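Taken in order, the sequence shown gives residues 75 to 174; the numbers are from the numbering used here.
Step one of this worksheet: look at the structure below.
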Amino acid sequence: DGDQSSGELQAFVVATLGEVFGAETVARELQSVHFKCWIADPLTYAPSGIHRQYGHPLLKRPTTWGLHFAGTETEEDNGHVEGAIKAGQRAAVEVIQALK
75 DGDQSSGELQ
85 AFVVATLGEV
95 FGAETVAREL
105 QSVHFKCWIA
115 DPLTYAPSGI
125 HRQYGHPLLK
135 RPTTWGLHFA
145 GTETEEDNGH
155 VEGAIKAGQR
165 AAVEVIQALK
């Protein structure tokens, strides 16, 4: 998706992460680079503003083996930063309760 070549994207990733980890290290360790233009995907973006139901309901509950899912798609405000924030807060509370 998108119009940026693979080489340009990889160079951008190396330059950006290289500021933190060192360009040589990033270039050596980076195996591949992929990106997705979600706004161009008809299954994830609704220009009409229609609310979509994302994620299986089980992803909104902690598992019995201690795995907690968090992400914008697990919340009512899915697809927005508000949903991501709520999901992170919910998962943090779940983990804290599980550790008690």
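Backbone N, C-alpha and C define an ideal beta-carbon position, used for all residues, glycine too.
These numbers were taken from a predicted model, which means no experiment stands behind them.
Does DSSP put residue 137 in a helix, a strand or coil? In the three-state reduction of the DSSP assignment, residue 137 falls in the coil class, being assigned neither a helical nor a strand state.
Less than 8 Å separating the beta-carbons of residue 140 and residue 161? The answer is no: Cβ separation not under 8 Å.
Just to confirm my understanding: we take residue 101, look at its own chain, exclude 5 residues before and 5 after, and list those with CB closer than 6 Å. What are they? Result list for residue 101: 88, in chain order.
Within 10 angstroms of its Cβ, does residue 148 collect 16 or more other Cβ (buried), or is it exposed? Of the residues assessed, residue 148 falls on the buried side of the cut-off, its CB having 16 or more other CB atoms within 10 angstroms.
In this structure, does DSSP put residue 110 in helix, strand or coil? DSSP places residue 110 in coil when its eight states are reduced to three.
Applying the 10 Å Cβ sphere with the 16-neighbour rule, what's the burial state of residue 76? A caution first: residue 76 carries a pLDDT of 48, below 50, which makes its placement in the model too unreliable to give a value.
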